[in-house]
Each structure stands twice: as C-alpha cells, then as structure tokens.
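Visitor: In terms of this note's numbering, the sequence shown opens at residue 10 and continues consecutively.
Quick reminder that beta carbons are idealized off the backbone N, C-alpha and C, glycines included.
Questions regarding the structure given below will be posed in turn.
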Amino acid sequence: MATDLPAAASLWRDRPFVLLVSARTISVLGNGFARVALAFAVLALPGASPGVLSLVLACQALPQLLFILIGGVIADRMSRVRLMVLSDVVGVAAYGGLAAMVLTGHAPLWAMCALAVLAGTATAMFLPAMAGVVPLVVDRARLQQANALLRVGTNSSMLLGLALSGVTVAFVGAGWALALNAASFVLSALLVNGLKLAARPPRAATTTWADLREGWHEFASRQWLWVVVAQYAVVVAAMNANVGVLGPLTAEHSLGGARAWSVIVAAQALGMIAGAGVASRIRVRRPVLVAVLVTFPAAAPIFLLSAAAPVWVIAAAMFCAGVANDIFGVLWSTTMQHEVREEALSRVSAYDLFGSLAFAPLGLLVAGPIASAVGTGTALAGCGALVVLATAAALLSPQVRTLRAPHPQEPAPAGTVPSPATATATAPVTATAPATEAQP
C-alpha cells in the first residue's frame, strides 16, 4: 500500500465536488430523521400494528429494488444532474405529503403507502445517477479520495440524523421531523442544480430493453464484478438478518436491551466514518482483492453475538467491521468508475445495487422463524458462517485476485467523458471551455 494520493484539501477547492458533497450530506441527514419519524408516524395511526408498519416500510423498500434497473437506464440516457434534481423534487413531494398528513391528523393508510412508494421510487432513480456523476465531477486521479470524502459526509450525517431524530420526534412530533426531511431534499435539489458538467456525447435512440441488455453485457462480461456482487448478495442478507432481527433479539435477552444494542450500532457507524477516512489515504495495487479480504471482519461481531460476548467486545468488533465496510465501499466504487465505460456506468451500478440487495428482504423474512426453530445463537453463527463462506468463494475468482488499479495517468476507458478538471488540464491553451449540460 502507498499513501501518495493527491492532497484531499484540493477537493475542497473544487466547487462542483463541494456542491455534490453538500447536497448528499444534507439529504442523508434528512433521511436519518425520516427513518425514525416515519415509523412513529405510522404507529400513531388509529389501529396501527407492527403489520401496518411493515406494510408501509415495504412500500418504500420494494420500489428501490424493483425500479433500480430502470433508474440506471434513465441515468445513462439523460443528464444525470437533471435526474438527481428530479428525484429530489419527487422526494420533496413524498415526504412533504407525509408530513402534511401527519400534521393535519388525516393520514389514511392507502395514502401513506402511496407516498412511501413515491419516496422509494425517487431513491431508485437517484442512486444510479449519483454513482455515474462522480467521475464527471472529479478527475480520475482523485476518484478514490472523492468517494471516501463523500462517504465520510454521508456516514456522519446519517449518524447525526439518527441521533437527533428521536429527540426531534419527542419534542416537536413525527410530522415536523418528516417536514425537515422534505426541506433537506429542497436544499439538495438546489445544490445539485448548481453543478455545471461537461456535456456528454449524444447517444443513438434505443429501446429500454436494448439498454438493459447492453448494461447486462457490461456487467456480466467482468468476472470480478459479478462474482463480488454475488458474494454481497449473501453477505448483505446475513448482515440484514443480524442487524434487523437477530442482534436486537440477542441484546434484549442477553446483553441488557436497547441501550446495549444502541452502543453496538453506534460503534459500527463510527467505524464507517473512520474507515472512509482511512480509505482516502491508501492506494492498493489490487483493489478488488483487498475489498474482498476486508469483508471477513464483518463476521466477527456476528460470531461474538452468537456467543453472547460482553457488550464492549462486540462493540469493538463492530467498530472494526465498520472500518472495513467503508474501505470496501470506497475501493469498490472507485474500481467501477475506473473500469466501466462512462456511458454505461449508471446501468452497471444499477445491476450492482440490484444484485447486492436481492436477498436482503429474504434475510429479514427468514431470520425470525429460523431463530425460533434453532435458537438465536445458532442462527447468528449460521449468518457468520455465510459471510465467511461467501467471501472465501469470491477469492476463487482469478480476476478478483489479479485485477490491478490503473495508474492515475492511464487513459480512461473508451467512451469516458473527462471531468471538467481533466478537460482543463489536458486541453490546449487555445481551446474553448467545454459545453455544459442544460439544467432544469
């Protein structure tokens, strides 16, 4: 490993990057509020039950999975900035509507479900566009640092949002907390709309099905890509079962309840912030290999929970898992941005997200029944074993073990549009300024 990346301070003098980080930090902070506020808003409905809460949350989560591939197609066809702004506007409508219903006391279940679907759809449109816009904002030499700093901002704001949301709901109510989330989307849309990016080459008119096929070819033709996505389909399902069901059950029965679990989860969040900071400073020769290897620590806190270890030991392991998680995330995002053609990046990112999250609902669905059948400790041990086995299997791929990071000065893959910084650095002094995408 080396630590010779360009100074991170230079990114903070880059106006487009600062706008992007600010937009993501603000909107993720609002989403931290919404996670708690929406749950309490639903539970405050007349006749509300855990089943009703599950229904509303499912209406928000399912569109994120079902529409993510369409979001990738749209993001590769149109201005990604414009799509991000549009997604934020839809988020304003969804959370603003939810806030209005809760504040007025008129919140029929069907309407809350409909707005939850709208919120999930906005996320499905936003994420592939966001994945594809980073290489257009930052030059290739600084992509790893940019991804790391983005994750530092989003992880910190999510942690702050979750920490403040309970207090906000308690003092001003769930409706106003949802309204704050809607306001965060307004600010995000305004900031993203300020991005001025180099124009992307026009694409020939194609059908949605043809675009999906092309994106699948780009995805499936890279062994390292689909192997790690298959690995993470299993890893995410196991981790979801742990964090969503089995961990809280263990904390309730053996560790002292919600307070102990909040310490463990907070340790993971702090580790993720630290991990993104570490990832901004390192350079590795084989990024996919390192990314897969740092998945192994995710199994440690699961095994410790299965053994009902002391809270501080589990929290320490969760901190280390959080560090490893964000090192993985930064190396993975940067590798995809280096290796995948710009005009297909959003579609490939959508396949990545779809595959990685495909089994996540299943992990939550089966965790409870399995724990009832074999015991929570045994179920946790099984989750830990799945993480280890899936990660070890990914190491069997030759491309996972051997893919090397490109030198910062190597040319981008064919079809890549240079970021404004790159275009400025490589253009003759007599060249005119690059065209900018039309903004809404």
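With H, G and I counted as helix, E and B as strand and the rest as coil, what does DSSP make of D97?
Guide: Along the sequence shown, read from residue 1 onward, the residue named residue 97 stands at position 88. Here D97 sits in helix by DSSP.
Visitor: Using 8 Å for Cβ pairs, my map puts W233 next to Q408. What's the rounded Cβ distance?
Guide: If you number the sequence shown from 1, residue 233 lands on position 224. If you number the sequence shown from 1, residue 408 lands on position 399. Indeed they touch by this definition, with Cβ atoms about 4 Å apart.
Visitor: According to DSSP, simplified to helix, strand and coil, what is T216?
Guide: By 1-based counting over the sequence shown, the position of residue 216 is 207. Coil, per DSSP.
Visitor: Going by C-alpha distance, which of A43, M281 and R86 is nearest G106?
Guide: Here residue 106 refers to the residue found at position 97 of the sequence shown. Looking at the Cα atoms, A43 is the closest of the given residues.
Visitor: Looking at the structure shown, is R149 part of a helix, part of a strand, or coil, going by DSSP?
Guide: Numbered from its first residue, the sequence shown carries residue 149 at position 140. Helix at R149.
Visitor: Could you tell me how far apart the beta carbons of V274 and L340 are, in whole angstroms, since I believe they sit closer than 8 Å?
Guide: The count along the sequence shown starts at 1 and reaches residue 274 at position 265. The count along the sequence shown starts at 1 and reaches residue 340 at position 331. Contact flag wrong, Cβ pair sits at about 24 Å.
Visitor: Starting from S315, follow the alpha helix (DSSP H) in both directions and report where the run begins and ends.
Guide: As a first step, residue 315 must be located in the sequence shown, where it is residue number 306. S315 -> alpha helix (DSSP H) spans A308 to S315.
Visitor: Look at the alpha carbon of A155 and the alpha carbon of H262, and state the distance between them as a whole number of angstroms.
Guide: By 1-based counting over the sequence shown, the position of residue 155 is 146. By 1-based counting over the sequence shown, the position of residue 262 is 253. Cα to Cα, A155 sits roughly 42 Å from H262.
Visitor: Would the beta-carbon of Y104 fall within 9 Å of that of G224?
Guide: Start at 1 with the first residue of the sequence shown, and residue 104 comes out as number 95. Start at 1 with the first residue of the sequence shown, and residue 224 comes out as number 215. Cβ distance not < 9 Å, so Y104 and G224 don't count as in contact.
Visitor: If distances are taken between C-alpha atoms only, which option among I35, A150, A369 and C68 comes closest to V51?
Guide: Working through the sequence shown from its first residue, we reach residue 51 at position 42. Nearest option by C-alpha distance: C68.
Visitor: Helix, strand or coil for A26 per DSSP?
Guide: For the purposes of this step, residue 26 is identified with residue 17 of the sequence shown, where counting begins at 1. Note on identity: in this sequence residue 26 is Phe, with Ala being the wrong assignment. Looking at F26 - three-state DSSP - the assignment turns out to be helix.
Visitor: Within 8 Å, do at least three Cβ pairs link the region 270–286 to the region 356–376?
Guide: No, because fewer than three Cβ pairs between the region 356–376 and the region 270–286 fall closer than 8 Å, the two stretches do not touch.
Visitor: Grab the span of the alpha helix (DSSP H) containing F328 for me, first residue to last.
Guide: Along the sequence shown, one-based indexing puts residue 328 at 319. Here the alpha helix (DSSP H) through F328 covers V320 to E348.
Visitor: Do you know whose CA, among L168, V65, G114 and A116, lies nearest G129's CA?
Guide: Numbered from its first residue, the sequence shown carries residue 129 at position 120. Cα-wise, what sits closest to G129 is V65.
Visitor: Quick one: is H226 buried, meaning 16 or more other Cβ sit within 10 Å of its Cβ, or exposed?
Guide: For the purposes of this step, residue 226 is taken as the residue at position 217 of the sequence shown. Exposed: under 16 other Cβ atoms inside 10 Å.
Visitor: Ordered along the chain, which non-local residues of its own chain (more than five positions away) have a Cβ less than 7 Å from that of I336?
Guide: Here residue 336 refers to the residue found at position 327 when the sequence shown is read from its first residue. G284, V287, A288 and V303, listed in sequence order.
Visitor: Within 10 angstroms of its Cβ, does P55 collect 16 or more other Cβ (buried), or is it exposed?
Guide: Translated into positions along the sequence shown, residue 55 becomes position 46. So P55 counts as exposed.
Visitor: Between the Cα of T34 and those of V99, V322, A46 and A198, spot the shortest distance and give me the residue it belongs to.
Guide: Translated into positions along the sequence shown, residue 34 becomes position 25. Closest option to T34, Cα to Cα, is A198.
Visitor: If A376 sits next to L255, beta carbons under 8 Å apart, how far is it from one beta carbon to the other, in whole angstroms?
Guide: Residue numbering aside, residue 376 sits at position 367 when the sequence shown is read from its first letter. Residue numbering aside, residue 255 sits at position 246 when the sequence shown is read from its first letter. At roughly 5 Å, the Cβ-Cβ gap stays under 8 Å, so A376 and L255 are in contact.
Visitor: Go to F76, then tell me how far its alpha helix (DSSP H) extends in each direction, as first and last residue.
Guide: The sequence position of residue 76 within the sequence shown is 67, counting from 1. Element bounds for F76: n/a, residue is neither H nor E.
Visitor: What is the residue span of the alpha helix (DSSP H) that P257 lies within?
Guide: Along the sequence shown, read from residue 1 onward, the residue named residue 257 stands at position 248. Unbroken alpha helix (DSSP H) run through P257: G256 to T259.
Visitor: How far does the alpha helix (DSSP H) with V236 in it extend, from its first residue to its last?
Guide: Within the sequence shown, numbered from 1, the residue matching residue 236 stands at position 227. Segment Q232 to A250, the alpha helix (DSSP H) holding V236.
Visitor: Ordered along the chain, which non-local residues of its own chain (more than five positions away) have a Cβ less than 8 Å from that of S96?
Guide: As a first step, residue 96 is located in the sequence shown; it is residue number 87 there, counting from the start. If we look at S96 and ignore the five residues flanking it on each side, its Cβ neighbours are A131, T132, M134, F135 and A138.
Visitor: Would the beta-carbon of V161 fall within 9 Å of that of L29?
Guide: By 1-based counting over the sequence shown, the position of residue 161 is 152. By 1-based counting over the sequence shown, the position of residue 29 is 20. Cβ distance not < 9 Å, so V161 and L29 don't count as in contact.
Visitor: Would you mind giving the Cβ-Cβ distance between W365 and V245, rounded to the nearest angstrom? I have them listed as a contact below 8 Å.
Guide: For the purposes of this step, residue 365 is taken as the residue at position 356 of the sequence shown. For the purposes of this step, residue 245 is taken as the residue at position 236 of the sequence shown. It is Ser, not Trp, that sits at residue 365 in the sequence shown. Yes, S365 and V245 are in contact; Cβ-Cβ is about 6 Å, under 8 Å.
Visitor: Does DSSP classify P72 as helix, strand or coil?
Guide: What you label residue 72 is simply residue 63 of the sequence shown in a count that begins at 1. P72: helix per DSSP, three-state reduction.
Visitor: In terms of residues, what are the limits of the alpha helix (DSSP H) holding S193?
Guide: Within the sequence shown, the letter at position 184 stands for residue 193. Looking at the DSSP string, the run of the alpha helix (DSSP H) that includes S193 is A183 to N202.
Visitor: Residues in the same chain with beta-carbon distance under 6 Å from P422, minus the five sequence neighbours each way, listed in chain order, please.
Guide: For this step, residue 422 is matched to residue 413 along the sequence shown. Only weak support exists for where P422 lies, its pLDDT of 48 falling under 50; the value from the coordinates is given anyway. Contacts found: R350.
Visitor: Output the residue ranges of the alpha helix (DSSP H) runs that lie fully inside the region 361–405 and measure 4 residues or longer, sorted by chain position.
Guide: Taking only runs of at least 4 residues, the alpha helix (DSSP H) segments lying wholly in the region 361–405 are 369–383 and 385–403.
Visitor: Roughly how many angstroms lie between the CA atoms of A269 and L279, to the nearest whole one?
Guide: The residue you call residue 269 lines up with position 260 of the sequence shown. The residue you call residue 279 lines up with position 270 of the sequence shown. Roughly 16 Å separates the two Cα atoms.
Visitor: Keeping to the same chain, check which residues put their C-beta closer than 8 Å to that of W235; ignore five residues upstream and five downstream.
Guide: In the sequence shown, counting from the first residue as 1, residue 235 sits at position 226. Around W235: F228, A229 and G364.
Visitor: Take the Cβ of F180 as the centre, count every other Cβ of all protein chains shown within 10 Å, and call the residue buried at 16 or more, exposed below.
Guide: Here residue 180 corresponds to residue number 171 of the sequence shown, with the count starting at 1. F180 is exposed by the Cβ-count criterion.
Visitor: Measure the beta-carbon distance from V293 to A414 and round it to whole angstroms, keeping in mind my assumption that it falls under 8 Å.
Guide: The sequence position of residue 293 within the sequence shown is 284, counting from 1. The sequence position of residue 414 within the sequence shown is 405, counting from 1. Sure, about 7 Å apart at Cβ, within 8 Å.
Visitor: For A318 and A242, what's the separation of their Cα atoms in angstroms?
Guide: On the sequence shown, residue 318 is found 309 positions in, with the first residue counted as 1. On the sequence shown, residue 242 is found 233 positions in, with the first residue counted as 1. If I take the Cα positions, the gap works out to 27 Å.
Visitor: Measure the beta-carbon distance from A330 to A307 and round it to whole angstroms, keeping in mind my assumption that it falls under 8 Å.
Guide: Here the question's residue 330 lines up with position 321 in the sequence shown. Here the question's residue 307 lines up with position 298 in the sequence shown. At roughly 5 Å, the Cβ-Cβ gap stays under 8 Å, so A330 and A307 are in contact.
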